[in-house]
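If you're matching positions, the sequence shown starts at 184 in this note's numbering and goes up one per residue.
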Amino acid sequence: MRRSDICLYLGPAERAELQALLSNRNTPRKIAWRAEIVLATADGQGTVEIMRRTGMSKPTVWRWQARYLDEGVPGLKRDKTRPSRVPPLPREVRLKVIAKTVQETPPTATHWSRATMAEAVGISPSSVGRIWADAGLKPHIVKGFKVSNDPMFEEKVTEIVGLYFDPPDRVVVLCVDEKSQIQALARTQPGLPLKKGRAATMTHDYKRHGTTTLFAALDVKSGVVIGECLPRHRAKEFLRFLRRIDRAVLKPRDVHLVLDN
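So, in structure tokens, the structure goes:
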């Protein structure tokens with residue numbers, strides 16, 4: 184194929200931008216070559232001389248000359264996307280993966296993994312992952328739920344939510360709960376404190392001091408937590424914690440507690 188050399192004019196700003204790309208040591212080498220081709224063309228050098236100077240083939244020189252004429256400097260900074268050599272999966276295969284995911288479980292597991300689904304359908308695990316991502320499926324995630332058979336459930340929820348969002352005047356709403364069987368552990372030796380260049384340290388072994396129970400009350404409006412650790416989990420300790428709440432709340436105010444059974 185014969186083609187005459189082209190004439191190219193560069194304005195001062197374009198020439199400065201191309202020279203900056205060529206001289207910047209952080210510019211990828213392939214982009215620097217493209218800038219060099221365009222600069223050499225603008226300086227009046229022929230295709231043969233540009234090939235000798237850059238080591239590029241004739242089609243490559245012509246390609247980047249044409250790309251610059253069409254798209255300017257931005258066109259030199261990116262490669263044209265090429266179609267994938269891997270043919271797309273048939274629609275039937277994608278639908279089969281989705282159907283098996285939502286309707287079946289593997290014979291030896293509770294949910295599908297990419298590997299087990301790939302083996303069952305006959306495609307790659309990465310293809311399974313892409314199909315799941317496109318369909319918004321996450322088989323490894325299971326969320327729990329609780330069904331209430333209380334006939335007054337809706338009324339109770341309405342009252343509690345209303346209490347949280349719109350409490351009466353001069354009323355404190357506290358969400359109360361307790362956590363029992365917390366291990367009370369102490370390290371066998373004191374550790375070193377945090378300092379520059381060194382993390383805080385602690386021994387890997389510990390001494391047991393039985394268990395403790397944490398009682399906590401969250402003020403849903405301010406986010407303040409009233410908490411206390413007590414050695415046992417009985418009505419006696421709970422009454423003691425209620426007295427602590429009574430002392431902590433400013434008077435005169437009514438206190439509404441929301442707690443489970």
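Where is the CB? At the ideal position from N, CA and C, for every residue including glycine.
The structure displayed is predicted, hence computed values, not measured ones.
Asked	Found
For Gly305, which three-state DSSP category applies?	coil
Closest to Ile365 by CA distance: which of His387, Val269, Thr395, Gly374 is it?	Thr395
Please check the pair Tyr389 and Leu375, which I expect to be a contact at CB under 8 Å, by giving their CB distance rounded to whole angstroms.	Contact flag wrong, Cβ pair sits at about 17 Å.
Can you name, in chain order, every residue of its own chain whose Cβ lies under 6 Å from the Cβ of Gly380, other than the five neighbours on each side?	none
To the nearest angstrom, report how far apart Asn209 and Ala203 are at their CA atoms.	11 Å
Is Phe328 helix, strand or coil when you go by DSSP?	coil
Of all the options Lys404, Leu377, Glu420, which has the alpha carbon lying nearest to the alpha carbon of Ser363?	Glu420
Say whether the segment 406 to 414 touches the segment 314 to 327, bearing in mind that this needs 3 or more beta-carbon pairs closer than 8 Å, one atom from each stretch.	no
Can you give the Cα-Cα distance for Arg268 and Gly238, rounded to whole angstroms?	28 Å
Can you grab the Cα-Cα spacing for the pair Thr243 / Glu219, in whole Å?	12 Å
Pick helix, strand or coil for Asp360, following the three-state DSSP scheme.	strand
Between the beta-carbon of Leu193 and the beta-carbon of Ala225, is there less than 8 Å?	yes
Using a threshold of 8 Å, state whether the C-beta atoms of Met300 and Thr288 are closer than that.	no
Find the nearest neighbour of Leu191 within the set Leu205, Lys213, Thr230, Pro257, judged by alpha-carbon distance.	Thr230
What are the boundary residues of the alpha helix (DSSP H) that Glu219 is part of?	212 to 225
Quick one: measure Cβ to Cβ for Ile314 and Arg353, integer angstroms, because I've assumed they're closer than 8 Å.	About 57 Å; that fails the 8 Å criterion.
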